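Written out below as structure tokens is the structure these notes cover.
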């Protein structure tokens, strides 16, 4: 059974701090790993990673994948209150199965 | 956003009644998905479609059926709603498998009393 585990499940930090969110996975026939941000509504896409060791970056957010150790991290630097959200990690597999397998998410709260 | 709408956005119903949720997309995406989101479980795949009249089961398909008669519409039916189906339901689409990125609709909050 495919499995995606995120840690921590919740995190409270102060504005300006840097945070690292973790996602590990055990799946057969890995195709890609995706990060989403969810703020009390639909998840919105952040990154898709397919290759190991290549950092994806968007402003203060960045993510990297390690296919050997089967994990990914999402970094947020200089956090702002608007970064408060649930961050979801999901894995897409190939070879006939479909849909995404999601972790339970990390609930990030940024205090002013 | 990929032009995905869901209806209704909120629904309260009683145990044993049939319920149909609709997902409509304007992007001509081939693949469509229904997920449910529950506290402590995250998002879980119910059913998906890889084309008109082509559907398959996901992880939590028991008690649900789907239909796709047009590219743009994907319907999720609860034949006889139960309280365990109280959840937030999200529709998602993607152009092709391997694209990875799925775009999500706004969600439907369903309460079964």
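Protein chains in written order, with our numbering: chain G, 67 to 178; chain Z, -5 to 107. Note that CB positions come from ideal geometry on N, CA and C, so glycine has one too. In this text, all values refer to a predicted model and were calculated from it rather than measured experimentally.
Residue i, DSSP secondary structure in three states
{"i": "residue 74 of chain Z", "result": "coil"}
{"i": "residue 20 of chain Z", "result": "coil"}
{"i": "residue 36 of chain Z", "result": "strand"}
{"i": "residue 148 of chain G", "result": "helix"}
{"i": "residue 0 of chain Z", "result": "strand"}
{"i": "residue 104 of chain G", "result": "strand"}
{"i": "residue 96 of chain Z", "result": "coil"}
Best match in the options for proximity to residue i [C-alpha to C-alpha]
{"i": "residue 74 of chain G", "options": "G/169, G/178, G/177", "result": "G/169"}
{"i": "residue 105 of chain Z", "options": "Z/87, Z/82, Z/90", "result": "Z/82"}
{"i": "residue 79 of chain G", "options": "G/155, G/165, G/148, G/156", "result": "G/148"}
{"i": "residue 146 of chain G", "options": "G/174, G/82, G/138", "result": "G/82"}
{"i": "residue 97 of chain G", "options": "G/131, G/87, G/86", "result": "G/131"}
{"i": "residue 115 of chain G", "options": "G/152, G/157, G/103", "result": "G/157"}
{"i": "residue 75 of chain Z", "options": "Z/-2, Z/31, Z/7", "result": "Z/7"}
{"i": "residue 95 of chain G", "options": "G/173, G/160, G/172, G/164", "result": "G/160"}
{"i": "residue 119 of chain G", "options": "G/86, G/150, G/133, G/176", "result": "G/133"}
{"i": "residue 95 of chain Z", "options": "Z/107, Z/77, Z/36, Z/23", "result": "Z/23"}
Chain Z contact for residue i (CB, 8 Å cutoff)
{"i": "residue 100 of chain G", "result": "yes"}
{"i": "residue 148 of chain G", "result": "no"}
{"i": "residue 164 of chain G", "result": "yes"}
{"i": "residue 151 of chain G", "result": "no"}
{"i": "residue 119 of chain G", "result": "no"}
{"i": "residue 168 of chain G", "result": "yes"}
{"i": "residue 137 of chain G", "result": "no"}
{"i": "residue 154 of chain G", "result": "yes"}
{"i": "residue 178 of chain G", "result": "no"}
{"i": "residue 171 of chain G", "result": "yes"}
{"i": "residue 144 of chain G", "result": "no"}
Cβ of residue i within 8 Å of any chain G Cβ
{"i": "residue 50 of chain Z", "result": "yes"}
{"i": "residue 125 of chain Z", "result": "Since the first residue shown for chain Z is -5 and the last is 107, residue 125 of chain Z is missing from the structure and cannot be characterised."}
{"i": "residue 39 of chain Z", "result": "yes"}
{"i": "residue 2 of chain Z", "result": "no"}
Cutoff 6 Å; reference residue i; Cβ partners in own chain excluding five residues on either side
{"i": "residue 27 of chain Z", "result": "42, 86"}
{"i": "residue 4 of chain Z", "result": "103"}
{"i": "residue 101 of chain Z", "result": "82, 84"}
{"i": "residue 14 of chain Z", "result": "69, 71"}
{"i": "residue 67 of chain Z", "result": "18"}
{"i": "residue 84 of chain G", "result": "143"}
{"i": "residue 167 of chain G", "result": "68, 70, 157"}
{"i": "residue -1 of chain Z", "result": "18"}
Sequence-distant residues of its chain with Cβ nearer than 7 Å to residue i (five each side left out)
{"i": "residue 136 of chain G", "result": "90, 91, 92"}
{"i": "residue 61 of chain Z", "result": "69"}
{"i": "residue 178 of chain G", "result": "81, 147"}
{"i": "residue 52 of chain Z", "result": "39, 40, 41, 42"}
8 Å CB neighbourhood of residue i in its chain, flanking five on each side removed
{"i": "residue 113 of chain G", "result": "100, 101, 122, 124, 127, 129, 140"}
{"i": "residue 175 of chain G", "result": "76, 77, 78, 79, 150"}
Taking Cβ-Cβ distances below 7 Å as the criterion, which residues of the stretch 72 to 106 of chain G are in contact with chain Z?
97, 98, 100
Interfacial residues, the stretch 70 to 89 of chain Z to chain G, with Cβ spacing under 7 Å:
84
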